[in-house]
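Reminder that position 40 of the sequence shown reads as 35 in my numbering, one-by-one numbering, no gaps.
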Amino acid sequence: MRLVLASASPRRAELLAAAGFSFEVLAADVDESVVPGESPKDYVLRLALAKSAAVLERLSIDETGPQDVRLVIVGADTSVIVDDEILGKPVDDEDSGRMLRRLSGRSHQVLTGLSVRTAEQQVTGVEETLVFFRRLAEAEVSWYLASGEGRDKAGAYAIQGLASRFIPRIEGSYSNVVGLPIARLAGLIGSLELG
-4 MRLVLASASP RRAELLAAAG FSFEVLAADV DESVVPGESP KDYVLRLALA KSAAVLERLS
56 IDETGPQDVR LVIVGADTSV IVDDEILGKP VDDEDSGRML RRLSGRSHQV LTGLSVRTAE
116 QQVTGVEETL VFFRRLAEAE VSWYLASGEG RDKAGAYAIQ GLASRFIPRI EGSYSNVVGL
176 PIARLAGLIG SLELG
């Protein structure tokens, strides 16, 4: 199997490698704007589909058609959801602070849409994890913002880093919160008929 990850996320690549997958990275550049009225689940799935489709198309052009039926492309998109609002990557530290204060002292969802496709087949899924934040003091918000860790992360935090001290528990897949639900992904890949 030739596995291609349609993502530039180093966290997704680390998770795949740690789980023993051999793969290539070919990032997909897609518009991540939310469509008005779109549900969070529809949003993450649409972006995952767009990423895997873009990479399949690029490989088809680059290689005059994906001849290898064992070519498998993985597209994924992860979002943090609070009260049905999608918290994407923050635009600046002020936006990060707003998000952290919103997450403080409550639970939120992390959704990852998955699209796993070959030239002829496609399977999809959406993984959901519930994440609990303890109440944050303003000094902790300031400290975390100064670290810069959450600047390029959905919801403005990284569970695998400094923000781990804010999260007493989760319900569901830990790797999903990092950015790629590995067990779910392995199941989707295993469901393909690769000959």
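Where is the CB? At the ideal position from N, CA and C, for every residue including glycine.
No experiment lies behind these values; they were computed from the predicted model shown.
Of the residues the options, the one placed nearest residue i, counting alpha carbons only
i      : options                          : result
Ser91  : Lys148, Ala12 and Ala8           : Lys148
Gln117 : Val77, Leu187, Glu19 and Arg179  : Leu187
Ala49  : Val29, Asp24, Lys36 and Arg65    : Asp24
Gly150 : Glu89, Leu42 and Val67           : Glu89
Val20  : Gly32, Val29, Ser34 and Leu54    : Leu54
Ser47  : Arg7, Leu0 and Phe18             : Leu0
Asp78  : Ile154, Pro35, Arg130 and Ser170 : Pro35
Val75  : Asn171, Ala8, Ala3 and Arg160    : Asn171
Leu95  : Ala114, Glu133 and Arg65         : Glu133
Gly185 : Thr113, Arg41 and Ile154         : Thr113
Straight-line Cα distance separating residue j from residue i
i       : j      : result
Pro85   : Arg93  : 9 angstroms
Ile162  : Arg101 : 10 angstroms
Arg6    : Leu189 : 27 angstroms
Gly32   : Ala13  : 37 angstroms
Arg(-3) : Phe16  : 10 angstroms
Cβ-Cβ distance between residue i and residue j below 8 angstroms
i      : j      : result
Val126 : Ile165 : yes
Val39  : Thr73  : yes
Thr124 : Gly167 : yes
Secondary structure, beta strand (DSSP E): runs of 3+ residues fully inside the region 81 to 129: 102 to 112 and 117 to 127
The region 133 to 147 contacting the region 107 to 115, beta-carbon criterion three pairs below 8 angstroms: no
Every unbroken alpha helix (DSSP H) within the region -2 to 57, with a cutoff of 4 residues, ordered by chain: 5 to 13 and 35 to 57
Stretch-stretch touch, CB-based, cutoff 8 angstroms, three pairs: the region 63 to 74 with the region 169 to 182: yes
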